[in-house]
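In our numbering, the protein residues as written are 1 to 288.
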């Protein structure tokens, strides 16, 4: 991996928890409940928070853009989430949820000069992102920029993680991995235990059928672990993903990227230290 792509991956590892804490924060569940969503599980609010920038999208559109979820699971929540609250109402509540979550995580640090500096650097990167053929990134990039630095920081992190995610889907398509095969092949290289990927809604029969398809391609062994070819293919997927994500980061100088890494460190520590995020995740953070 080149030094540039290594830095791009490092920044993704730093930014992902800064974005993803929304989906687990008690403040976010409180805002979701106020809208009328059930909060005994995280999925109603997850699909609402993440899909709202797309508008009142149907199940097919959400399954296509989220990719790794079983269409059956998506259909259990979408489009029903829009009968509870409109996308505009969800987006307004999402902003309140991020505000309250960051207030709880950062305390007085929310008004620190470092937070504003990180937000300004990230905004430059996010605004440099090419969102053509990147539906999730484009939808978030089209939203108004929040005035408060900590909200602008979360918004920029979200645009960039969705930009990376859109590029990752293109890399998976190039590798001819369908949604469940993508998860099976990822589990096969040890990104997370197969049980972790059960959250995506595929049943045992679908998982096994995908594993058998990958075994026929020589990508996984009979025990479900990746073969040398399977590891090589996943490495190629990750390389293509990093390359597709690298463009916007080039708007910063090397010194600015180094500075941003330092600025994001305390935010990452706050998010990880909150205990809200799962230690093992479907994105393979900390593993790939």
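The beta carbon of each residue, even a glycine, is placed where N, CA and C say it ideally should be.
Cβ-based burial, residue i [other Cβ within 10 Å; buried from 16]
i	result
residue 278	exposed
residue 152	buried
residue 127	exposed
residue 68	buried
residue 255	exposed
residue 269	exposed
residue 163	buried
residue 27	buried
Beta-carbon proximity check, residue i vs residue j, cutoff 9 Å
i	j	result
residue 198	residue 17	no
residue 239	residue 11	no
residue 43	residue 97	no
residue 189	residue 231	yes
residue 91	residue 52	yes
residue 263	residue 101	no
residue 159	residue 118	no
residue 19	residue 134	no
Span of the alpha helix (DSSP H), counted from its first residue to its last, around residue i
i	result
residue 186	179 to 188
residue 151	149 to 174
residue 21	No alpha helix (DSSP H) holds residue 21; DSSP gives it neither H nor E.
residue 199	Here residue 199 belongs to no alpha helix (DSSP H), and DSSP marks it neither H nor E.
residue 113	113 to 127
residue 254	254 to 273
residue 106	87 to 106
residue 77	71 to 77
residue 280	It is not in any alpha helix (DSSP H) - residue 280 carries neither H nor E in the DSSP assignment.
residue 84	81 to 84
residue 35	26 to 35
residue 68	First-last for residue 68: undefined, no H or E at that position.
residue 139	135 to 141
residue 48	43 to 51
CB-CB length for residue i against residue j, believed under 8 Å
i	j	result
residue 180	residue 145	That belief does not hold up - the Cβ atoms of residue 180 and residue 145 are roughly 37 Å apart, past 8 Å.
residue 31	residue 93	5 Å
residue 63	residue 74	4 Å
Residues that DSSP places opposite residue i in a beta bridge
i	result
residue 220	226
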